[in-house]
Amino acid sequence: MENSIIWLTKLIFAHLVSDFALQKRSWIDDRNERKIKSPLLYLHVLITGVTALLFMGFQYIQTVAIITISHFLIDLFKSYLKPNFRNFVYDQLAHMAVIVLCWCWQFQLFPTEKEILEFYYQGNAWYFAAGIFFLVYPSSIIISLATKHWADQISTPRSSTADKGLVNAGKYIGIIERLIIGVLVFIGQYEAIGLLIAAKSILRYNTAKEEVKTEYLLVGTLISMSIAVAVGLLLKYLVNQ
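All residue numbers for the sequence shown refer to full-length UniProt numbering, where the first residue is 1 and numbers rise by one.
Put into C-alpha cells, the structure is as follows:
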C-alpha cells in the first residue's frame, strides 16, 4: 500500500484540478441559475469522478465513488446559496472534509476511544486551543477598547466607505497577523516577525498619509503584535515546562 500522505496529496490534487482547472466560470453560473436541472453540474461531477479515478486508480474505486457522490451533493447544495466568498470557503471545506475522512477510513487513522481521552486530558491541546481562541476573539475586543479613544478622534460623519476601507477587513487582517506571529514566536522564527512588521509598516504608511491616522494605526498594530508575542511566549513556556 502506498504512503498515506502521498495518497492524500493525490486526492487533494485531483480535487484541485477538477474543481478549478477543469471547471469554467460559465458552468458555475449555469449551476447557480438552473440548480439541479443544470446539465453542466452533472458534467462537472462526471469530470470530478474521472479525474479522481485517473489519479487514484481502479483499486480505490470505492473512494472515487464517495468523492463523486459527495461532490455532487455539496455542489448542488451550494447552488441554492448566495455565490459569495464565505459560501465558497464553506464549499471547499466540505470537499476537504470528505477527502480527509476518506483518507482516515482508507488507512484506519480514526483515533480510538483511548487516544481521544488521552488527547482530551493532555495539557498541550488545551494550551493551544486557549491561545488560538484568545488571539482571535478576546484580543480583538481588547484592541478595540484600547484604541477607541483615538478611533473616535479620526472618524467623522462625513467619512465615506472608501475612506474607512473594506468592512471588517482590518479586524480579519489583525486576527491573521496575530495567529502568524503567535506561531512564529512559538517556533522561534523571530526574524520572520521582523519582516512581517516591516512589510505591514510600509503598507500602512502608504495608505495612511494623515499623521493622526498613521499614529492610530501604529498604536493598534503595536498592541496587536505585543499580544501575539506574549501569547506565543506563554505557549512556548507552558509546552516546554
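Every residue gets a Cβ at the ideal spot worked out from N, C-alpha and C, and that includes glycine.
Burial state of residue i (16 or more Cβ within 10 Å)
| i | result |
| --- | --- |
| residue 161 | In this prediction, residue 161 scores a pLDDT of 48, lower than 50, which makes its location untrustworthy; the coordinate-derived value is nonetheless stated afterwards. With fewer than 16 Cβ atoms within 10 Å of its Cβ, residue 161 is classed as exposed. |
| residue 75 | buried |
| residue 55 | buried |
| residue 224 | buried |
| residue 60 | buried |
| residue 105 | exposed |
| residue 199 | exposed |
| residue 158 | For residue 158, the predicted model reports a pLDDT of 48, less than 50, meaning its position is unreliable; a value from the coordinates is still stated below. Classification of residue 158: exposed, given that the 10 Å Cβ count is below 16. |
| residue 71 | buried |
| residue 131 | buried |
| residue 9 | exposed |
| residue 21 | exposed |
| residue 163 | At residue 163 the pLDDT is 49, less than 50, meaning the model places this residue with poor confidence and gives no usable figure here. |
| residue 143 | buried |
| residue 6 | exposed |
| residue 184 | buried |
| residue 202 | exposed |
CB of residue i within 8 angstroms of CB of residue j, strictly
| i | j | result |
| --- | --- | --- |
| residue 188 | residue 228 | no |
| residue 265 | residue 233 | The chain is shown only over 1 to 241; residue 265 falls outside these bounds and no answer can be derived. |
| residue 216 | residue 151 | yes |
| residue 30 | residue 16 | no |
| residue 124 | residue 239 | yes |
| residue 51 | residue 94 | no |
| residue 18 | residue 48 | yes |
| residue 194 | residue 147 | no |
| residue 83 | residue 32 | yes |
| residue 23 | residue 44 | yes |
Entirely within the stretch 28–112 and at least 4 residues each: give me those alpha helix (DSSP H) ranges in chain order.
39–56, 61–79, 85–106
Is the stretch 83–102 touching the stretch 66–74, taking contact as three or more C-beta pairs under 8 angstroms?
yes
Does the stretch 24–37 come close enough to the stretch 77–84 that 3 or more CB-CB pairs lie under 8 angstroms?
yes
Stretch-stretch touch, CB-based, cutoff 8 angstroms, three pairs: the stretch 134–142 with the stretch 105–115:
no
Indicate whether the contact test is met: 3 or more Cβ pairs, each with one atom in the stretch 118–125 and one in the stretch 169–177, closer than 8 angstroms.
no
Ignoring anything shorter than 4 residues or poking outside the stretch 127–155, list the alpha helix (DSSP H) runs there in chain order.
138–146, 148–154
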